[in-house]
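Read the structure below first, then the notes.
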Amino acid sequence: MIRKLLRRVFRRAAPANTPPEPAVIPVARHGVRRDQISPAANKVCTTLQEAGHKAFVVGGAVRDIIVGQTPKDFDVATSATPEEVRALFRRSRIIGRRFKIVHVMSGAETIEVSTFRAMQDAEATETDEHGRVLRDNVFGSMAEDATRRDFTVNALYYNPTDETVIDYHHGVADLQQKTLRMIGDPRVRYREDPVRMLRAARLGAKLGLSIDPAARGPIREMAELLENVPPARLFDEMLKLLMSGHAVKCLRQLREEGLHHGLLPLLDVILEQPMGERFVWLSLENTDERVRQGKPVSPGFLFATLLWHEVLADWEARKANGEHSQPALFEAMDSVLDRQSGKLAITRRIAGDIKEIWALQPRFEKRAGKTPYRLLEQPRYRAGWDFLRLRAQSGELPMELPDWWEAFADAHPEAREGMLVPDKSGTVRKRRRRRKPAGAATAPVGE
3 MIRKLLRRVF RRAAPANTPP EPAVIPVARH GVRRDQISPA ANKVCTTLQE AGHKAFVVGG
63 AVRDIIVGQT PKDFDVATSA TPEEVRALFR RSRIIGRRFK IVHVMSGAET IEVSTFRAMQ
123 DAEATETDEH GRVLRDNVFG SMAEDATRRD FTVNALYYNP TDETVIDYHH GVADLQQKTL
183 RMIGDPRVRY REDPVRMLRA ARLGAKLGLS IDPAARGPIR EMAELLENVP PARLFDEMLK
243 LLMSGHAVKC LRQLREEGLH HGLLPLLDVI LEQPMGERFV WLSLENTDER VRQGKPVSPG
303 FLFATLLWHE VLADWEARKA NGEHSQPALF EAMDSVLDRQ SGKLAITRRI AGDIKEIWAL
363 QPRFEKRAGK TPYRLLEQPR YRAGWDFLRL RAQSGELPME LPDWWEAFAD AHPEAREGML
423 VPDKSGTVRK RRRRRKPAGA ATAPVGE
């Protein structure tokens, strides 16, 4: 630490690299119109520009609109410091440790505003023993900010005022040529942030881009660097990948790049377990279709499907060892989630949703007595039934089971009793009717 401080104070000024001259691309060439940008992002840019700062919609939103996709959110890059941004917007807050940013709230939308970042001195940058950058709060020029970004297609700056795109690294041309290219030396950039390897696979699949050979080459040999990434960051990146609307393509891309093997227990389960492979692909295809239709997607449901056959194998093994079915299921659930948590920090809320869906599965097999009526009242019944149907579609269960539950749920209350299925003893246990209190029928009105 002392050496780094001394270098920072006494190092000789290195000759500054001349920043590249940007291309200013008119709307006729890139096709991004002001009305395709969210009103909140337009307002943030306008407010910052009127205060004398540079401000642009940046990164993924610009990239997605150019290729004809709808952005999920809009980010803004500016010359203003976080404190200056915070002073201009009443509903805003500064967040972040690795790099401070400002969240500006406008209605239900949140715009992430970041200050232009500078290139850091390699000796002065705080990194771990593997070269991963730990602190990144050095502000700089717009040209430096563009050079700091990972891929050329993410280094695009859109000005809503005149509808131009500022392009320092030929990102628009790369999009048009269907190429994903890294800015700078890929080995250095992957070492700075190993998550970029996952991002390369995700963006390549999502945007239909071929990864440039220079960026693709080092991935297999550097995949082990992902072992040093905090589980929470890996979980966030996996959520983006699995809920991108292109999860099937993304996971196949991960396999092609050699990132699935040993990277995460989850991916090994998905891609190398024959018993659950059809079930998993059906789930991912279903998720992709819902995302494309603009329907809500539950992370808990998705992760429940991805890990189910691990739970099922553990559960069956415990029952074979003489454990009772229900306690064995809960032990299997905890065991699988504990093993997964070493690599992927699944949040408590999502883990709770996963367990609820799994715990409902054995209850669907009981179609006699009071159980079916009680199950319909469960808050997670619909998610549990969707999960059951996926199991049947993959061949794990007969399709008759989810069909019966669908019919039972839609049936008139009086018809449901006749639909009950005999239990193992061969009898149908009907619901016991409540007895009226003695004398209730003859009690005078008003007493």
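Numbered per our numbering, the sequence shown spans residues 3 to 449.
Cβ atoms here follow ideal geometry from the backbone N, Cα and C, with glycine treated the same way.
The structure presented is a predicted model; accordingly, all values stated were derived computationally and were not measured.
If you follow the alpha helix (DSSP H) that E318 is part of, which residue opens it and which one closes it?
As a working mapping, residue 318 is identified with position 316 in the sequence shown. From DSSP, the alpha helix (DSSP H) with E318 extends over 301-322.
By the 10 Å Cβ neighbour count, where 16 or more other Cβ atoms means buried, how is G62 classified, buried or exposed?
For this step, residue 62 is matched to residue 60 along the sequence shown. The residue is buried, with at least 16 neighbouring Cβ atoms inside 10 Å.
Taking the alpha-carbon positions, what's the R418 to Q328 distance?
Position 416 of the sequence shown holds residue 418. Position 326 of the sequence shown holds residue 328. Going from the Cα of R418 to the Cα of Q328 covers about 26 Å.
Over what stretch of residues does the beta strand (DSSP E) that includes V59 continue unbroken?
Counting from 1 along the sequence shown, the entry for residue 59 is found at position 57. Run containing V59: 57-60, per the beta strand (DSSP E) assignment.
Excluding sequence positions up to five away, which residues of its chain have a Cβ less than 8 Å from the Cβ of A330?
In the sequence shown, counting from the first residue as 1, residue 330 sits at position 328. So the list reads W317, R320, K321, once near-sequence residues are dropped.
Give me the Cβ distance between L182 and I221, rounded to the nearest whole Å; I'm assuming they're in contact under 8 Å.
Position 180 of the sequence shown, counted from the first residue, corresponds to residue 182. Position 219 of the sequence shown, counted from the first residue, corresponds to residue 221. In fact, because the Cβ distance is near 12 Å, the residues do not count as touching under 8 Å.
Skipping 5 residues on each side, what residues in its chain have a beta carbon closer than 6 Å to that of R93?
Here residue 93 is taken as the residue at index 91 of the sequence shown, counted from 1. Same-chain partners within the cutoff: M107.
Taking the Cβ atom as the reference point for each residue, do M421 and A413 lie within a distance shorter than 8 Å?
Here residue 421 is taken as the residue at index 419 of the sequence shown, counted from 1. Here residue 413 is taken as the residue at index 411 of the sequence shown, counted from 1. Cβ atoms of M421 and A413: closer than 8 Å.
Contact defined as beta carbons within less than 8 Å: I believe E146 pairs with F118. What is the distance between those atoms, to the nearest angstrom?
Here the question's residue 146 lines up with position 144 in the sequence shown. Here the question's residue 118 lines up with position 116 in the sequence shown. Going by Cβ atoms, the distance from E146 to F118 rounds to 7 Å, so yes, they are a contact pair.
Could you tell me the alpha carbon to alpha carbon distance between R218 and L236, rounded to whole angstroms?
Taking the first residue of the sequence shown as position 1, residue 218 is located at position 216. Taking the first residue of the sequence shown as position 1, residue 236 is located at position 234. Roughly 20 Å between the two C-alpha positions.
Using the Cα positions of E111 and F410, report the straight-line distance between them to the nearest angstrom.
Here the question's residue 111 lines up with position 109 in the sequence shown. Here the question's residue 410 lines up with position 408 in the sequence shown. Going from the Cα of E111 to the Cα of F410 covers about 41 Å.
Report the partner residues of D77 according to the DSSP bridge assignment.
The residue given as residue 77 occupies position 75 in the sequence shown. Looking at the DSSP assignment, D77 forms a beta bridge with V60, E114.
So which of T373, L241, Q395, I352 has the shortest CA-CA distance to W283?
The count along the sequence shown starts at 1 and reaches residue 283 at position 281. Out of T373, L241, Q395, I352, Q395 has the C-alpha closest to the C-alpha of W283.
Please state the DSSP three-state secondary structure of R100.
The residue labelled residue 100 in the question sits at position 98 within the sequence shown. In the structure shown, R100 sits in coil (DSSP, three-state: anything other than H, G, I, E or B).
Helix, strand or coil for V282? Go by DSSP, reduced to three states.
What you label residue 282 is simply residue 280 of the sequence shown in a count that begins at 1. Helix.
Specify the secondary structure class of L158 as computed by DSSP and reduced to three states.
Position 156 of the sequence shown, counted from the start, is the residue given in the question as residue 158. Looking at L158 - three-state DSSP - the assignment turns out to be strand.
Measuring alpha carbon to alpha carbon, tell me which of R151, A207, G206 ends up nearest E194.
The count along the sequence shown starts at 1 and reaches residue 194 at position 192. Here the closest residue by C-alpha is R151.
What does the alpha-carbon distance come out to for the pair V115 and V155?
On the sequence shown, residue 115 is found 113 positions in, with the first residue counted as 1. On the sequence shown, residue 155 is found 153 positions in, with the first residue counted as 1. Looking at the two C-alpha atoms, the distance is approximately 19 Å.
With C-beta atoms as the reference, is D458 less than 8 Å away from G397?
No answer is possible for residue 458: it lies beyond the span of the chain, which begins at 3 and ends at 449.
Could you give the distance in angstroms between the alpha-carbon of P298 and the alpha-carbon of M240?
In the sequence shown, the residue the question calls residue 298 occupies position 296. In the sequence shown, the residue the question calls residue 240 occupies position 238. Roughly 17 Å between the two C-alpha positions.
Relative to the alpha-carbon of G142, which residue among G371, R280, L309, S81 has its alpha-carbon at the smallest distance?
Sequence index remark: in the sequence shown, residue 142 carries index 140 (1-based). Of the candidates G371, R280, L309, S81, the one whose C-alpha sits nearest the C-alpha of G142 is S81.
To which residues does DSSP link D105 through a beta bridge?
In the sequence shown, the residue the question calls residue 105 occupies position 103. The question names Asp, but residue 105 is His in the sequence shown. In DSSP, H105 forms a bridge with R95, E114.
To the nearest angstrom, how far is it from the Cα of E291 to the Cα of G247?
Within the sequence shown, numbered from 1, the residue matching residue 291 stands at position 289. Within the sequence shown, numbered from 1, the residue matching residue 247 stands at position 245. Approximately 7 Å, taken between the alpha carbons.
Which full runs of the beta strand (DSSP E) of 3+ residues lie inside the stretch 162-204, going along the chain?
Correct list: 166-169.
Rounded to a whole number of angstroms, what is the C-alpha to C-alpha distance between T373 and I359?
One-based indexing of the sequence shown puts residue 373 at position 371. One-based indexing of the sequence shown puts residue 359 at position 357. Cα-Cα distance, rounded: 16 Å.
Measuring only the C-alpha atoms, how far is K357 from A53?
Locating residue 357 in the sequence shown gives position 355, where the first residue counts as 1. Locating residue 53 in the sequence shown gives position 51, where the first residue counts as 1. C-alpha separation (whole angstroms): 51 Å.
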